[in-house]
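Residue numbers (the working numbering): 2 to 226.
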């Protein structure tokens, strides 16, 4: 839906898609620079950055390190800091990922990520299928990605940004709770906050509404390419 109006560039970070895992722990600075390098390869001098949850931290770092390149930020189900609860979930998620216990990871994440009302409407067979599909979708680099949660706190950095920003909060999200998402919007100067009544996956649960929020904001803030 976004590509019908804009040039959309997706990056497979280390340990996802066709990109092998990194040999060293991931760092936000390197991930930010990798995305900018991808934009360079596509001939994009300036661009909006869409970040979804941990990708929100990468997006913030891009705007901080390369402010002349970024025309807008769109942050979905994102956070400015990892609170104690999110750190605990992330620690368990990471340990399961390191042991490649995919079904256990999926059993942890499905009830946190899926809208509780949607999950409750599923039959036991559908829940089992959802857990299996989630387990199969886990990228090899999951443990490396989740490690970025440890001690994550970008509030001071976020407060210095000067870029049009949209924070799309997922109100039924039990993985990144709504108060953390609202805290991000409050910390980001001039940010617009929009809330969707979904779990952690708004582009799966309400894709048209999510895309409309994104495209409407981008049309108002960035040139179309």
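Positions of the beta carbon are idealized from the N, C-alpha and C atoms, including for glycine. The structure presented is a predicted model; accordingly, all values stated were derived computationally and were not measured.
Problem set entry | Closest by C-alpha distance to residue 24, when choosing among 108, 80, 144 | 144
Exercise. Sorted by chain position, which residues of the same chain lie with C-beta nearer than 6 Å to residue 40's C-beta, five sequence neighbours on each side aside?
Worked result: 48
Exercise. Which whole-angstrom value describes the C-beta separation of residue 97 and residue 109, a residue pair presumed to lie in contact below a C-beta threshold of 8 Å?
Worked result: 7 Å
Exercise. Does the beta-carbon of residue 168 have 16 or more other beta-carbons within 10 angstroms, so that it is buried, or is it exposed?
Worked result: buried
Problem set entry | Endpoints, beta strand (DSSP E) assigned at residue 86 | Looking at the DSSP string, residue 86 is not in any beta strand (DSSP E); the run it does join, the alpha helix (DSSP H), is 85 to 99.
Exercise. Does DSSP put residue 138 in a helix, a strand or coil?
Worked result: helix
Problem set entry | Spatial neighbours of residue 154 in its chain, beta-carbon cut-off 8 Å, leaving aside the 5 residues before and after | 81, 82, 83
Problem set entry | Beta-carbon spacing of residue 54, residue 33 below 8 Å | no
Problem set entry | Distance CB(residue 222)-CB(residue 197) smaller than 8 Å | no
Exercise. With a Cβ-Cβ cutoff of 8 Å, do residue 111 and residue 132 count as a contact?
Worked result: yes
For this session: Kindly indicate the opening and closing residues of the beta strand (DSSP E) around residue 156.
Result: Careful: residue 156 lies outside any beta strand (DSSP E), inside the alpha helix (DSSP H) at 156 to 159.
For this session: Give the DSSP-derived three-state secondary structure of residue 48 in the structure shown.
Result: strand
Exercise. Going by beta carbon distance, what residues of the same chain come within less than 6 Å of residue 165, once the five residues before and after it are set aside?
Worked result: 73, 222
Exercise. Under 8 Å between the Cβ atoms of residue 147 and residue 95?
Worked result: yes
Exercise. What span of residues does the alpha helix (DSSP H) with residue 82 cover, start to end?
Worked result: Element bounds for residue 82: n/a, residue is neither H nor E.
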